[in-house]
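See structure below.
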């Protein structure tokens, strides 16, 4: 009966989907197609229409700095194209299923993930549009 | 061999462990008293997307028109409501001496007078005509006793649009403090004001601000805001998100009356959450029934109040405030004397009531919910409901 109880508990928790942040990031970038990420900026375009002009400034800044992969989280590639059509490059990716929200990788603000040479997450930061200068890590 | 009951127990455990509580709570609902009478398909061209947070209904070329601030394209787009086709576009210049940037709202008065309002300020308002020509720029003298000198955190969305009326612009502003911090909602924040174009000055109404109910509370910002429209007899109608009553003020916000307007879907009081974490705030907002948009129907003299219905909060899936679009909602309908008519239930993940508006035909609610599987980049279906 003791084993039956243990089996019961195992069954209860068998569908738990609690992933570590590292596992979430690995799964997410695998889905999106970002290989060997070093610096990744994730921008959610469907959450704040009043933020579009700030997103545009941020994209230009990122392209100036370089070395960033950018994931645009939106159901609308049309919207992304209208906002950033001049700033797309081979490092631009789309998350049209809004997976970043399901994985809990963004809360609304643009978020930067930086990885060390071993592929481990070394820094996570959110972009605050309340500050006058956008400082990118 | 284990007994059959044991296998049944394990099977039940597996089944229920894989079932989200969201599934279990599905099925809430009631009869919808609003009658779906018609629909409109709005055609979106290559420069527009289903983003309708800043809109107004007005007459243009003698046609009832849906006017939308297109922030993706930096333009003001005019659609006729008879055909759903774009009939005019004012494209804002992004560079040069006539550039128009940082637009955060507008008010269409007529073809000669369109006010382009700025984000986070009541200054630098541009007055343009239907061709987009800037005819005037307005920057009023601000009061000296502002919370932050020189700053009025003006906003104008379809939830709380700014109005040009009797040669003044009536507006709301957002609080700049964290409303989850104790004491903030009890302060003397003045949320509403008037920019008098005759005297070129701004006056903040002393009796505006958080209702008395909020005074000893700390709430997430999403529950601390209000929706406000101009109603019958030039009265201001305020729907505060955490307040059961509707507040009705006269034009200059001297007299006030409260209309009890509790939703039948609100079963519990919203908890006080001082210094709450982001996750706790999300849980409070998503799991508690609260109020949102208010609309006035000038054609039939009705009022509508939209209610976001609380549901089970799933921390694994409800990671941002965007999850609120999964919530079901209801619409409370009142006549011109605030006599209750009905409250109608709508399932979540289909319509976006933040984009809803009143037209001659009735209530237009578009299927622009971000979770709607049929969301189309090139056309939007508006369901049109009869209003009595």
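Chains as they are written, first to last, in my numbering: chain A, 1 to 137; chain B, 1 to 388. The beta-carbon is built from N, C-alpha and C at its ideal position, and this holds for glycine as well.
Contact set for residue 59 of chain B: own chain, Cβ-Cβ below 7 angstroms, skip 5 residues either direction: Within the second chain, residue 59 of chain B is the residue found at index 59, counting from 1. Answer for residue 59 of chain B: 65, listed in chain order.
Residue from B/168, B/345, B/113, B/163 whose Cα sits closest to the Cα of residue 140 of chain B: Counting from 1 along the second chain, the entry for residue 140 of chain B is found at position 140. Distance check between residue 140 of chain B and each of B/168, B/345, B/113, B/163 places B/168 closest, using alpha-carbon atoms only.
Only counting runs of 4 or more residues, tell me where the alpha helix (DSSP H) segments fall wholly within the segment 213-272 of chain B, in order along the chain. Whole alpha helix (DSSP H) segments, 4+ residues: 221-224.
Examine chain A for any beta-carbon lying closer than 9 angstroms to the beta-carbon of residue 352 of chain B, and answer yes or no. If you number the second chain from 1, residue 352 of chain B lands on position 352. The beta-carbon of residue 352 of chain B is placed no less than 9 angstroms from the nearest beta-carbon of chain A.
Bridge partners of residue 168 of chain B, per DSSP? Counted from its first residue, the second chain places residue 168 of chain B at position 168. DSSP lists B/165, B/196 as partners of residue 168 of chain B.
When DSSP labels each residue in this structure, what does residue 350 of chain B get in the three-state scheme? Taking the second chain and counting its residues from 1, one reaches residue 350 of chain B at position 350. Looking at residue 350 of chain B - three-state DSSP - the assignment turns out to be coil, as it is neither helix nor strand.
Going along chain A in order, which residues have a C-beta closer than 9 angstroms to the C-beta of residue 206 of chain B? As a position in the second chain, residue 206 of chain B is number 206, starting the count at 1. In chain order: nothing, as chain A lies at least about 28 angstroms away.
Close beta carbons around residue 103 of chain A, own chain, < 6 angstroms, minus the five adjacent residues each side: For the purposes of this step, residue 103 of chain A is taken as residue 103 along the first chain, with counting starting at 1. Only 24, 28 meet the Cβ criterion.
Comparing the C-beta of residue 33 of chain A with each C-beta of chain B, is any distance below 9 angstroms? In the first chain, counting from the first residue as 1, residue 33 of chain A sits at position 33. Not closer than 9 angstroms to any Cβ of chain B, the Cβ of residue 33 of chain A fails to qualify, so no.
Near-chain A residues of the segment 100-121 of chain B - C-beta to any C-beta below 8 angstroms: Residues of the segment 100-121 of chain B with a C-beta atom less than 8 angstroms from some C-beta of chain A are 101, 102, 104, 119, listed in chain order.
Would you kindly report the start and end of the unbroken beta strand (DSSP E) that includes residue 365 of chain B? The residue given as residue 365 of chain B occupies position 365 in the second chain. Start and end: 362-366.
Residue burial classification, residue 212 of chain B (beta-carbon count within 10 angstroms, cutoff 16): On the second chain, position 212 is the one that residue 212 of chain B refers to. Exposed, since its Cβ has fewer than 16 Cβ neighbours within 10 Å.
Residue range of the unbroken alpha helix (DSSP H) whose run includes residue 129 of chain A: The residue given as residue 129 of chain A occupies position 129 in the first chain. That residue, residue 129 of chain A, is in no alpha helix (DSSP H); it is neither H nor E in DSSP.
Beta-carbon contacts of residue 265 of chain B that lie in its chain and below 7 angstroms, excluding the five residues immediately before and after: Numbered from 1 along the second chain, position 265 holds the residue referred to as residue 265 of chain B. Non-local C-beta neighbours of residue 265 of chain B in its own chain, meaning closer than 7 angstroms and more than five positions away in sequence, comprise 289, 307, 309, 330, ordered along the chain.
Distance cutoff 9 angstroms, beta carbons only. Does residue 317 of chain B sit that close to anything in chain A? For the purposes of this step, residue 317 of chain B is identified with residue 317 of the second chain, where counting begins at 1. Look at residue 317 of chain B: its C-beta is under 9 angstroms from a C-beta on chain A.
Do you know how far the Cα of residue 367 of chain B is from the Cα of residue 69 of chain B? If you number the second chain from 1, residue 69 of chain B lands on position 69. If you number the second chain from 1, residue 367 of chain B lands on position 367. Residue 69 of chain B and residue 367 of chain B have their C-alpha atoms some 18 angstroms from each other.
Would you say residue 72 of chain B faces chain A, with C-beta separation under 9 angstroms as the test? The residue you call residue 72 of chain B lines up with position 72 of the second chain. So, interface residue.
Sequence-distant residues of the same chain with beta carbon closer than 6 angstroms to residue 81 of chain B, five excluded per side: Residue mapping note: residue 81 of chain B aligns to position 81 of the second chain, counting from 1. Hits under 6 angstroms: 64, 66, 359.
Whole-angstrom distance between residue 378 of chain B and residue 125 of chain B, CA atom to CA atom: Numbered from 1 along the second chain, position 125 holds the residue referred to as residue 125 of chain B. Numbered from 1 along the second chain, position 378 holds the residue referred to as residue 378 of chain B. Roughly 32 angstroms separates the two Cα atoms.
Quick one: any contact between the segment 239-247 of chain B and the segment 275-293 of chain B, if contact means 3 or more CB pairs under 8 angstroms? Touching, per the Cβ criterion.
Compute the beta-carbon to beta-carbon distance between residue 109 of chain A and residue 128 of chain A, rounded to the nearest angstrom, for a pair I have assumed lies under 8 angstroms. Reading the first chain from its first residue, position 109 is the one you call residue 109 of chain A. Reading the first chain from its first residue, position 128 is the one you call residue 128 of chain A. Contact flag correct, Cβ pair sits at about 7 angstroms.
Residue 284 of chain B - containing beta strand (DSSP E), residue span: By one-based count along the second chain, residue 284 of chain B stands at place 284. DSSP places residue 284 of chain B outside any beta strand (DSSP E); the residue lies instead in the alpha helix (DSSP H), whose first and last residues are 278-287.
Given residue 93 of chain A, which residues of its chain have a CB within under 8 angstroms of its CB, disregarding the five upstream and five downstream residues? For the purposes of this step, residue 93 of chain A is taken as the residue at position 93 of the first chain. If we look at residue 93 of chain A and ignore the five residues flanking it on each side, its Cβ neighbours are 32, 33, 34, 69, 70, 71, 72.
Between the beta-carbon of residue 286 of chain B and the beta-carbon of residue 323 of chain B, is there less than 9 angstroms? The residue you call residue 286 of chain B lines up with position 286 of the second chain. The residue you call residue 323 of chain B lines up with position 323 of the second chain. Their beta carbons are under 9 angstroms apart, which means residue 286 of chain B touches residue 323 of chain B by this criterion.
Where do the N-terminal and C-terminal ends of the beta strand (DSSP E) with residue 89 of chain B fall, by residue? One-based indexing of the second chain puts residue 89 of chain B at position 89. For residue 89 of chain B, the uninterrupted beta strand (DSSP E) segment begins and ends at 86-91.
Report buried or exposed for residue 183 of chain B, applying the criterion of at least 16 other Cβ atoms within 10 angstroms of its Cβ. By one-based count along the second chain, residue 183 of chain B stands at place 183. By the 10 Å Cβ count, residue 183 of chain B comes out exposed.
Alpha carbon to alpha carbon, how far is residue 91 of chain A from residue 192 of chain B? Against the first chain, residue 91 of chain A aligns to sequence position 91. Against the second chain, residue 192 of chain B aligns to sequence position 192. If I take the Cα positions, the gap works out to 45 angstroms.
Would you be able to state if there are at least three C-beta pairs under 8 angstroms between the segment 170-180 of chain B and the segment 188-204 of chain B? Yes, the segment 188-204 of chain B touches the segment 170-180 of chain B.
When we look at the beta-carbon of residue 104 of chain B and count the other beta-carbons within 10 Å, is it buried (16 or more) or exposed? Translated into the one-based positions of the second chain, residue 104 of chain B becomes position 104. With a 10 Å radius around the Cβ and a threshold of 16 neighbouring Cβ atoms, residue 104 of chain B comes out buried.
Closest by C-alpha distance to residue 120 of chain B, when choosing among B/162, B/98, B/128: By 1-based counting over the second chain, the position of residue 120 of chain B is 120. When only C-alpha atoms are compared, the closest one is B/162.
Length of the line joining the Cα atoms of residue 247 of chain B and residue 260 of chain B: Position 247 of the second chain holds residue 247 of chain B. Position 260 of the second chain holds residue 260 of chain B. Near 9 angstroms, if we compare the C-alpha coordinates of residue 260 of chain B and residue 247 of chain B.
When you compare the CB of residue 72 of chain A with every CB in chain B, is at least one pair closer than 9 angstroms? Taking the first residue of the first chain as 1, we reach residue 72 of chain A at position 72. The C-beta of residue 72 of chain A comes no closer than 9 angstroms to any C-beta of chain B.
Would you call the segment 142-159 of chain B and the segment 90-109 of chain B touching, i.e. three or more CB-CB distances under 8 angstroms? Judged by pairs of C-beta atoms under 8 angstroms, the segment 142-159 of chain B touches the segment 90-109 of chain B, as three or more such pairs exist.
Using the beta-carbon count (16 or more within 10 Å), is residue 233 of chain B buried or exposed? Taking the first residue of the second chain as position 1, residue 233 of chain B is located at position 233. By the neighbour-count rule (16 or more Cβ atoms within 10 Å), residue 233 of chain B is not buried but exposed.
Using a Cβ-Cβ cutoff of less than 6 angstroms, which residues in the same chain neighbour residue 48 of chain A once the five nearest sequence positions on both sides are dropped? Locating residue 48 of chain A in the first chain gives position 48, where the first residue counts as 1. Excluding positions up to five away in sequence, the list is empty.
Bridge partners for residue 75 of chain B per DSSP, in chain order? Along the second chain, read from residue 1 onward, the residue named residue 75 of chain B stands at position 75. The partner list for residue 75 of chain B (beta bridge, DSSP) reads B/70, B/91.
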